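Chemist: Let me begin by handing over the structure; questions about it come next.
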Amino acid sequence: MKNINSNGVYFLKEAITVFRLNLLSNILSLFSIALIFFMFAMMFSGWRVSNHVAEALQTEAEINVYYNKSIGTEGALQLAGQIEGIYGVKEARLVNESEAYNRMEKILGEESKVLKVFDENPFSSYLEVKIDLEQTDLVLKGLKILPGIEHVRNNRDVLDRVRSIAGTIRIFGTMVLLAVAICTMVIVSHMIRQGIEQNKEQINTLRLLGAPEMFIGSPFLLEGLLLTLGGAAISGLAAALTIRQINFQMASTLPFMPLPSAGVLTHQMLLAIGFLGIVLGIAGSFLGLASARKS
47 MKNINSNGVY FLKEAITVFR LNLLSNILSL FSIALIFFMF AMMFSGWRVS
97 NHVAEALQTE AEINVYYNKS IGTEGALQLA GQIEGIYGVK EARLVNESEA
147 YNRMEKILGE ESKVLKVFDE NPFSSYLEVK IDLEQTDLVL KGLKILPGIE
197 HVRNNRDVLD RVRSIAGTIR IFGTMVLLAV AICTMVIVSH MIRQGIEQNK
247 EQINTLRLLG APEMFIGSPF LLEGLLLTLG GAAISGLAAA LTIRQINFQM
297 ASTLPFMPLP SAGVLTHQML LAIGFLGIVL GIAGSFLGLA SARKS
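Taking this note's numbering, I'd label the letters of the sequence shown as residues 47 to 341.
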């Protein structure tokens, strides 16, 4: 155990020494990796937000049924009972004019002052129907045959658009991930090769003394990890602050939007770039070591 600890300390010291030998290049590489990881972090967060919104809309899928006012409140309640009998409907409830007005007031926030321009309540009562999204077509067919219904409004188009956006972000995110992986591995492997070139004499001496290749290469492996984990830490901090600010702005501007909490989103993002930093750091280091041996 002592031997492992002493070797670990030695490898770390050597990695720091190798880093210092080409300090400016390593610092520039560190910030380049941080910028690349920041792009990935924001793309990952955008994908998570779009998925969360799509899932929330699917869970809370509802349609608004506007009925003929001649049937009155009693008739509307009876109609709600008939609608609940349709396969795929979870619940149907009456939303009166006052509740509709209050809901719009909350959605508009500070802009709700425009509602006071109207002398009378501009909103009419309607039936709020919660449905199983997979059975939307069946529910709509069932509503068509019920008397007293004037108009049906559903959010299926909105959900389809959100899903389309999520799919586009997923494809674009995959491309960004590939670009991040390639760029990071190229940067790390280049810095490892440069470090090996600058320490050729010491490496040859260690080989003559019978040191195994893994022992010789470990400080360079650690250097690669320091570069990627350092870049991940910098980008993680910048992305966390950015996510918090964007989340606050979106929550203020679009209070009705079902956004994930900034804390959960930041935690997921940090885990993603931390894992990516470890994987790409090791992969880039081994690539640099392998290419240095061939040359």
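Ideal Cβ placement from N, Cα and C applies to all residues, glycine included.
Predicted, not measured: the structure shown is a model, and the values here were computed from it.
Quick check on I50: does DSSP put it in helix, strand or coil?
Modeler: Here residue 50 refers to the residue found at position 4 when the sequence shown is read from its first residue. Only weak support is given to the placement of I50: the predicted model assigns it a pLDDT of 47, under 50, and the value that follows is read from those uncertain coordinates. Looking at I50 - three-state DSSP - the assignment turns out to be helix.
Chemist: Residues bridged to H313 by DSSP?
Modeler: Counting from 1 along the sequence shown, the entry for residue 313 is found at position 267. DSSP, once it has assigned bridges, lists no residue as partnering H313.
Chemist: For the pair the region 266 to 280 and the region 310 to 329, tell me if three or more CB-CB distances fall below 8 Å.
Modeler: yes
Chemist: Going by C-alpha distance, which of E120, D178, A122 is nearest V135?
Modeler: Within the sequence shown, numbered from 1, the residue matching residue 135 stands at position 89. Measuring C-alpha to C-alpha distances from V135 to each of E120, D178, A122 identifies D178 as the nearest.
Chemist: Do you know how far the Cα of E247 is from the Cα of L254?
Modeler: Taking the first residue of the sequence shown as position 1, residue 254 is located at position 208. Taking the first residue of the sequence shown as position 1, residue 247 is located at position 201. Looking at the two C-alpha atoms, the distance is approximately 11 Å.
Chemist: For the candidate residues P193, N200, E174, whose alpha-carbon lies nearest to that of L186?
Modeler: Along the sequence shown, one-based indexing puts residue 186 at 140. When only C-alpha atoms are compared, the closest one is N200.
Chemist: CA-CA distance, S119 and A212?
Modeler: Position 73 of the sequence shown holds residue 119. Position 166 of the sequence shown holds residue 212. For the record, residue 119 in the displayed sequence is Thr; it is not Ser. About 41 Å.
Chemist: Would G25 and S331 be called neighbours here (beta carbons separated by less than 8 Å)?
Modeler: In this structure the chain extends from 47 to 341, so residue 25 is not present and cannot be described.
Chemist: May I ask you to list the residues that DSSP assigns as paired with Y133?
Modeler: Working through the sequence shown from its first residue, we reach residue 133 at position 87. BP columns for Y133 are empty, so no partner.
Chemist: Among the residues of its own chain, which have a CB less than 6 Å from the CB of D92, if the five just before and after it don't count?
Modeler: Reading the sequence shown from its first residue, position 46 is the one you call residue 92. According to the sequence shown, residue 92 is Gly rather than Asp. Hits under 6 Å: I215.
Chemist: Looking only at its chain, what residues have a beta carbon closer than 7 Å to the beta carbon of A297, apart from the 5 residues adjacent to it on each side?
Modeler: As a working note, residue 297 is residue 251 in the sequence shown. L305.
Chemist: In whole angstroms, what is the alpha-carbon distance linking L318 and M88?
Modeler: Indexing the sequence shown from 1 puts residue 318 at position 272. Indexing the sequence shown from 1 puts residue 88 at position 42. Looking at the sequence itself, residue 318 is Ala, so the reference to Leu does not match. Near 11 Å, if we compare the C-alpha coordinates of M88 and A318.
Chemist: Could you tell me which whole alpha helix (DSSP H) segments of length 4 or greater appear in the region 191 to 237?
Modeler: none
Chemist: Going by Cα to Cα distance, which pick from F321, E151, Q314 is closest to H98?
Modeler: Counted from its first residue, the sequence shown places residue 98 at position 52. Closest by alpha carbon: Q314.
Chemist: Across the region 215 to 233 and the region 127 to 142, are there enough close Cβ pairs to call them in contact, namely three or more that are closer than 8 Å?
Modeler: Contact between the region 215 to 233 and the region 127 to 142 is absent: fewer than three C-beta pairs spanning the two stretches fall below 8 Å.
Chemist: For E60, is the classification buried or exposed, using 16 other Cβ atoms within 10 angstroms of its Cβ as the cut-off for buried?
Modeler: Translated into positions along the sequence shown, residue 60 becomes position 14. Answer is buried; the Cβ neighbour count reaches 16.
Chemist: Apart from the five residues just before and just after N293, which ones in its own chain have a Cβ nearer than 6 Å to its Cβ?
Modeler: For the purposes of this step, residue 293 is identified with residue 247 of the sequence shown, where counting begins at 1. Within the same chain, N293 has close Cβ partners A308.
Chemist: Among L322, F84, P265, which has the Cα closest to the Cα of N245?
Modeler: To locate residue 245, count along the sequence shown from 1; it is residue 199. Looking at the Cα atoms, P265 is the closest of the given residues.
Chemist: Any idea if A126 is buried or exposed, counting beta-carbon neighbours within 10 angstroms, 16 or more meaning buried?
Modeler: The sequence position of residue 126 within the sequence shown is 80, counting from 1. A126 comes out buried.
Chemist: Please state whether the Cβ-Cβ distance between I79 and T230 is less than 8 Å.
Modeler: Position 33 of the sequence shown holds residue 79. Position 184 of the sequence shown holds residue 230. Taking 8 Å as the Cβ cut-off, I79 and T230 qualify as a contacting pair.
Chemist: Just the Cα atoms here: how many angstroms apart are K152 and S210?
Modeler: On the sequence shown, position 106 is the one that residue 152 refers to. On the sequence shown, position 164 is the one that residue 210 refers to. Between K152 and S210, the C-alpha separation is close to 28 Å.
Chemist: Quick one: grab the DSSP three-state call for E166.
Modeler: On the sequence shown, position 120 is the one that residue 166 refers to. For E166, the three-state secondary structure derived from DSSP is coil.
Chemist: Sort N68, L76, I62, L192 by Cα distance to G121 and report the nearest one.
Modeler: Here the question's residue 121 lines up with position 75 in the sequence shown. The shortest C-alpha separation from G121 is found at L192.
Chemist: Hey, quick one: how far does the beta strand (DSSP E) through I177 stretch, first residue to last?
Modeler: Working through the sequence shown from its first residue, we reach residue 177 at position 131. Secondary structure note for I177: its beta strand (DSSP E) is the uninterrupted segment 172 to 177.
Chemist: Using the rule of at least 16 other Cβ atoms within 10 Å of the residue's Cβ for burial, across every protein chain shown, is I217 buried or exposed?
Modeler: Your numbering for residue 217 matches position 171 in the sequence shown. Exposed, since its Cβ has fewer than 16 Cβ neighbours within 10 Å.
Chemist: With a 10 Å radius around its C-beta and 16 neighbouring C-beta atoms as the bar for buried, classify S116 as buried or exposed.
Modeler: Taking the sequence shown and counting its residues from 1, the one referred to as residue 116 is at position 70. S116 should be labelled exposed.
Chemist: From A146 to L322, what does the alpha carbon distance come to, in whole angstroms?
Modeler: Indexing the sequence shown from 1 puts residue 146 at position 100. Indexing the sequence shown from 1 puts residue 322 at position 276. Using only the alpha carbons, I get a separation of about 47 Å.
Chemist: Report yes if the C-beta distance between Q295 and S71 is below 8 Å; otherwise report no.
Modeler: Residue mapping note: residue 295 aligns to position 249 of the sequence shown, counting from 1. Residue mapping note: residue 71 aligns to position 25 of the sequence shown, counting from 1. Against a cut-off of 8 Å, the Cβ pair of S71 and Q295 comes out as no contact.
Chemist: Could you please give the first and the last residue of the uninterrupted beta strand (DSSP E) stretch that includes E108?
Modeler: On the sequence shown, residue 108 is found 62 positions in, with the first residue counted as 1. Its beta strand (DSSP E) spans residues 108 to 113.
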